[in-house]
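A.B. asks:
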Amino acid sequence: MADELQSRLRSLQSKAKLLTERYKTLLRHKQLQDNEVLQLQHTVKRQQERIALLEQQLEQMRVITPFAVQGADLEQSRVVLTQLVRDIDKCIAELTD
Numbered sequence: 001m002a003d004e005l006q007s008r009l010r011s012l013q014s015k016a017k018l019l020t021e022r023y024k025t026l027l028r029h030k031q032l033q034d035n036e037v038l039q040l041q042h043t044v045k046r047q048q049e050r051i052a053l054l055e056q057q058l059e060q061m062r063v064i065t066p067f068a069v070q071g072a073d074l075e076q077s078r079v080v081l082t083q084l085v086r087d088i089d090k091c092i093a094e095l096t097d
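Next comes the structure, spelled out in structure tokens:
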């Protein structure tokens with residue numbers, strides 16, 4: 001009878017030790033997963049901020065692009081503005097005479 005109790009006690013101790021080890025392993029795994037979740041949430045937040053910034057820049061470019069003057073258009077605009085300034089100067093000169 002005492003041997004049987006000792007055997008059961010050792011069996012229970014062995015099972016308790018195994019259960020404790022499994023618990024610790026699962027707890028470590030959970031902590032690693034929790035850390036990974038936090039990192040991924042941080043990454044998602046940064047990506048969302050980046051997307052918002054890029055969308056804002058895109059909208060600004062959509063607004064500005066039609067008004068952008070390039071190359072030959074720029075030179076033609078300068079010629080037109082120069083002529084308009086000359087015409088205005090002539091008008092002012094005639095009005096002051």
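When we follow the numbering used here, the leftmost residue of the sequence shown carries the number 1, and every step to the right adds one.
Here a beta-carbon is modelled for each residue, glycine too, at the ideal position from N, C-alpha and C.
Please report how far the alpha carbon of residue 17 lies from the alpha carbon of residue 11, in whole angstroms.
C.D. replies: For residue 17 and residue 11, the distance between alpha carbons rounds to 10 Å.
A.B. asks: Determine the DSSP secondary structure at residue 145, reduced to helix, strand or coil.
C.D. replies: Only positions 1 to 97 of the chain appear in the structure, and residue 145 is not among them; the question remains open.
A.B. asks: Mapping DSSP to helix, strand and coil, what is residue 97?
C.D. replies: Coil.
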